[in-house]
Amino acid sequence: MRRIWLQGLVISLLVHALVLSGGWLWTLLRHPEPPDRPPIRARLVAPEAAPEPPAPDRAQADRPKPDKPEPAKPEPAKPDQPPAPAPDKGTVARPEPESAPEPARPAVKKPAHPVPKKRVAKAEPDKPAPKKEPPEEAPEPKEPAPAKKPDKPEPDKPDPILGQDLADKIAKMADRSDSAKGSLRQRRAVARFQEAVRSRVQSNWLVPPGLDDRDGLTATVRIALTPDGKLASPPKVVSSNGPGYFNSSVVRAVEKAAPFPMPDGPTRYFQNLELHFSPDMVQ
Amino acid sequence: MKRTLPLLLALLLLVAAPGPAGAVLSIDIRQGVRDPLPVALVPFSWEGEGPRPFDVGGVVSADLKRSGLFRMVREDAFISRPHTPEGVTYKDWRLVGADALVIGRMQPAPEGKVEVRFRLFDIYSQRQIAGVRYQVRPGGLRSVAHRIADTIHKQLIGWSGAFNTRLAYVVKEGDEFRLMVADADGANARAVLTSRHPLMSPSWAPDGKRLVYVSFEQGRSMVYVQDLDTGKRSTVAAFDGINSAPEFSPSGDRLALTLSRDGNPEIYVLDLGTRNLRRLTHHGAIDTEPTWGPDGERLIFTSDRGGSPQLYRIAAAGGDVERLTFEGGYNASPTWSPTGDRVAFVHGDGSRFAIAVMDLKSGNIRTLTERGLNESPSFAPNGHMILYATQGAGGAGVLATVSVEGNVQQRLQRKRSGDVREPAWSPMR
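These protein sequence lines map, in sequence, to chains A and B.
Going by our numbering, the first sequence opens with residue 1, and the numbers climb by one from there.
Going by our numbering, the second sequence opens with residue 284, and the numbers climb by one from there.
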């Protein structure tokens, strides 16, 4: 009797283990990235990002070590930066129009009214560029919007839910462990860094005029930084409800603001940023 | 056992996790700079014999600068001066602080024409964002320059400029009235009519080739339509009493105007083809200054039926009248935006007047200028700028423009003297 009971328990445990691990695998397969976590561009920055240098690969040690990963684009060095615009915020652009001479002409005379004959305004082919993009609009987010959570598993399948649950818990645990070492000092460093990035980007963002008719205009730009604060790749607009020229303006702002002043110590935490642009029209 | 399983799994996952979760730092950017966009323009090359037929690049540059939305990067700072895309080194242009670059070349083309090619580059996304080729006779080069400026404006700001347009206005000098037409930058100004009697209320036909206006040359007000190419003109309204404030309908086949033929100034719609006249308003007060909505279905006009001049709206087919303004003791001279969502007007207390816009959806009014002697607003065809007459330093009327946001204001300077009044911005050419 007792044996049967024990057997039953063992079988039940095995079944549970199977079901749970099945669910876990299912979620992993279905969502290659754990849910609730924006993709991390670890591959871009990992070699330098780790707090300690990774154990050198023996095979690699012999080879000449490659220099720092070059950013995808030539990065403007600090002195290259256009001088930070420091105009009075309140002043209004009031360019003096150039005076135009008004030649005296005889009255009511048949005027020669030149109408330029346009020979079908031909758009010239784009300069060869790595990516073919329509010349009309600003770069469009090539990536799907990341904010979207993966679809919830069907409710009639219990396993995935469990898996999802687990993943959530794990993410939370990871967060906690992260903030555990995130002492007051760490949090201060984060706040300081955020403020530094914000002020650099804000002073480089030329907000396109005439946007105030649109309510709730936002754009999110994701950027990956090298450990020394340069852009590891061009900024990416991952979501936006604005027109192309608005997106261009935010990308330009980030490009101009880089490189960013990185805090001392490990920089991994500071290398992946998401900037949410939402112009405050009242200013 | 059952309890440890999830924990085990958790541990497994922790090990497998590639990095700390939530590793993307989020930062909100709510403010920016309202500065003009820095643009570099390399003077266009001339690859033909003899002197350059026209400084296209110079006119493009002046247009962009005048809009108030661009700052032209100083030419003497340029590191390179390319005319072709192969010569563009993006880094050179970042160094001089340009966000966008304009290059171009001019070459002789068959039949005495000139070929103009221009390209616009975004320095930060490192790509060409516009490029157009034109072939025109030398006389058309100024217009090509304005069109290039419009294209650049559209690409960088989001809507087309109004550079390739014209202005009509009335100048009074001594006892002479002149009806003037000039390019939007003040170039090519010429009188299309000169008179010893008042000329008033010019307004453009939607084809941009004809003007309708009021002239007192017969000793009383009459409405004329004049073809600007041929100079030919015809009388379209010479009814008893007042004939005033004409405005072409968006389709160009009708005219809204004020007539007092029935005893009191009322709004009428005149069909230019059939000569049919329809009276829209029936009120003992003054109804005047009709302006068409872009759909041609409705009109906004000024009436003092409520005791002070205020704006009202009525269907072009007639019907009920709806009052639009309640704020302020004087709201007049409406002009309906080509985009349909706003009306600009003179807003004041009876002695000092500002140019204001009202959002027709919300009813919100925004004052765009200081109060003073401001009058006769007229929308640019892009719906983003308003042209009006104001008082210059010497007390004489001058032309000025203001953006619908109120942030870009400018005066249009004229070399010649005279009191400038009643401007009207042409449609797009």
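Every residue gets a Cβ at the ideal spot worked out from N, C-alpha and C, and that includes glycine.
Keep in mind it's a predicted model, so treat the numbers as computed, not measured.
Residue j beta carbon less than 9 Å from that of residue i
{"i": "Gly-638(B)", "j": "Val-629(B)", "result": "The residue asked about is misnamed: residue 638(B) is Ile in this sequence, not Gly. Yes, Cβ-Cβ distance for Ile-638(B) and Val-629(B) is below 9 Å."}
{"i": "Ser-620(B)", "j": "Gly-689(B)", "result": "no"}
{"i": "Ser-527(B)", "j": "Thr-518(B)", "result": "no"}
{"i": "Ala-521(B)", "j": "Val-552(B)", "result": "no"}
{"i": "Leu-582(B)", "j": "Thr-574(B)", "result": "yes"}
{"i": "Ser-709(B)", "j": "Trp-487(B)", "result": "yes"}
{"i": "Tyr-496(B)", "j": "Pro-489(B)", "result": "no"}
{"i": "Tyr-295(A)", "j": "Leu-439(B)", "result": "It is not possible to answer for residue 295(A), since the shown part of chain A is limited to 1 through 283."}
{"i": "Leu-563(B)", "j": "Glu-549(B)", "result": "yes"}
{"i": "Ser-686(B)", "j": "Leu-651(B)", "result": "yes"}
{"i": "Val-251(A)", "j": "Tyr-407(B)", "result": "yes"}
{"i": "Ala-383(B)", "j": "Leu-403(B)", "result": "yes"}
{"i": "Gly-414(B)", "j": "Arg-425(B)", "result": "no"}
As assigned by DSSP and simplified to three states, the class of residue i
{"i": "Ile-435(B)", "result": "helix"}
{"i": "Arg-268(A)", "result": "helix"}
{"i": "Arg-37(A)", "result": "Caution is warranted here: a pLDDT of 42 is assigned to Arg-37(A), below 50, making its placement in the model unreliable, and the coordinate value is therefore given only provisionally. Arg-37(A) falls in the coil class under three-state DSSP."}
{"i": "Phe-446(B)", "result": "coil"}
{"i": "Glu-330(B)", "result": "coil"}
{"i": "Phe-337(B)", "result": "coil"}
{"i": "Phe-193(A)", "result": "helix"}
{"i": "Trp-376(B)", "result": "helix"}
{"i": "Gly-315(B)", "result": "coil"}
{"i": "His-429(B)", "result": "helix"}
{"i": "Tyr-595(B)", "result": "strand"}
{"i": "Glu-398(B)", "result": "strand"}
{"i": "Val-702(B)", "result": "Per the sequence shown, residue 702(B) should be read as Asp rather than Val. The answer is strand: DSSP assigns Asp-702(B) an E or B state."}
{"i": "Glu-500(B)", "result": "coil"}
{"i": "Ala-232(A)", "result": "coil"}
{"i": "Ile-406(B)", "result": "coil"}
{"i": "Ala-224(A)", "result": "strand"}
{"i": "Gln-418(B)", "result": "strand"}
{"i": "Asp-468(B)", "result": "coil"}
{"i": "Glu-688(B)", "result": "coil"}
{"i": "Ser-248(A)", "result": "helix"}
{"i": "Ser-709(B)", "result": "coil"}
{"i": "Gly-623(B)", "result": "coil"}
{"i": "Ala-386(B)", "result": "Rather than Ala, the amino acid found at residue 386(B) in this sequence is Ile. Residue state, collapsed to three classes: strand."}
{"i": "Ile-569(B)", "result": "coil"}
Opposing strand residues paired with residue i [DSSP bridges]
{"i": "Arg-461(B)", "result": "Val-454(B), Thr-477(B)"}
{"i": "Tyr-551(B)", "result": "Leu-540(B), Arg-562(B)"}
{"i": "Trp-575(B)", "result": "Leu-582(B)"}
{"i": "Glu-530(B)", "result": "Ala-539(B)"}
{"i": "His-630(B)", "result": "Asn-614(B), Ala-637(B)"}
{"i": "Val-254(A)", "result": "DSSP lists no partner for Val-254(A)."}
{"i": "Gly-680(B)", "result": "Gln-674(B)"}
{"i": "Gln-693(B)", "result": "Thr-684(B)"}
{"i": "Ile-412(B)", "result": "According to DSSP, which records beta bridges pairwise, Ile-412(B) is partnered with nothing at all."}
{"i": "His-276(A)", "result": "Thr-220(A), Asp-311(B)"}
{"i": "Gly-506(B)", "result": "This sequence places Val at residue 506(B); Gly is not what is there. Note: Val-506(B) sits in a beta bridge opposite Val-497(B), Ala-520(B)."}
{"i": "Pro-391(B)", "result": "Val-397(B)"}
Cβ shell of residue i (< 6 Å), same chain only, five flanking positions each side left out
{"i": "Gln-693(B)", "result": "Thr-684"}
{"i": "Leu-324(B)", "result": "Gly-340, Ser-344, Val-385"}
{"i": "Arg-712(B)", "result": "Asn-447, Gly-491"}
{"i": "Leu-612(B)", "result": "Per the sequence shown, residue 612(B) should be read as Gly rather than Leu. Within the same chain, Gly-612(B) has close Cβ partners Ser-591, Asp-632, Gly-633."}
{"i": "Val-604(B)", "result": "Tyr-595, Ile-597"}
{"i": "Phe-277(A)", "result": "Ala-219, Val-250"}
Cutoff 8 Å; reference residue i; Cβ partners in own chain excluding five residues on either side
{"i": "Glu-332(B)", "result": "Pro-391"}
{"i": "Ser-249(A)", "result": "Trp-205, Leu-206, Val-207, Pro-208"}
{"i": "Asn-647(B)", "result": "Met-641"}
{"i": "Asn-559(B)", "result": "Leu-553"}
Near the ligand FMN: residue i beta-carbon under 8 Å from a heavy atom
{"i": "Gly-546(B)", "result": "The ligand FMN is absent from the structure shown, which contains no ligand whatsoever."}
Contacts around residue i, its chain only, beta-carbon distance under 7 Å, and the 5 residues preceding and following it disregarded
{"i": "Gly-589(B)", "result": "Arg-606"}
{"i": "Arg-364(B)", "result": "Val-325"}
{"i": "Arg-200(A)", "result": "Ala-257, Phe-260"}
{"i": "Arg-649(B)", "result": "Ala-639, Val-640, Gly-689"}
{"i": "Phe-662(B)", "result": "Thr-618, Ser-620, Pro-621, Ala-627, Ile-669, Trp-708"}
Closer than 9 Å to chain C by CB, residue i
{"i": "Tyr-507(B)", "result": "Protein chains in the displayed structure are A and B, and chain C is not among them."}
Legend entry - Validate contact between the region 460-478 of chain B and the region 494-507 of chain B using beta carbons, cut 8 Å, 3 pairs: yes
Legend entry - Inter-stretch contact (C-beta, 8 Å, three-pair minimum) for the region 452-472 of chain B and the region 363-383 of chain B: no
Legend entry - Three CB pairs or more closer than 8 Å across the region 327-340 of chain B and the region 668-685 of chain B: no
Inset, instruction - Would you be able to state if there are at least three C-beta pairs under 8 Å between the region 183-195 of chain A and the region 215-224 of chain A? - result: no
Inset, instruction - Please determine if the region 416-435 of chain B and the region 247-262 of chain A are in contact, where contact requires at least 3 C-beta pairs separated by less than 8 Å. - result: no
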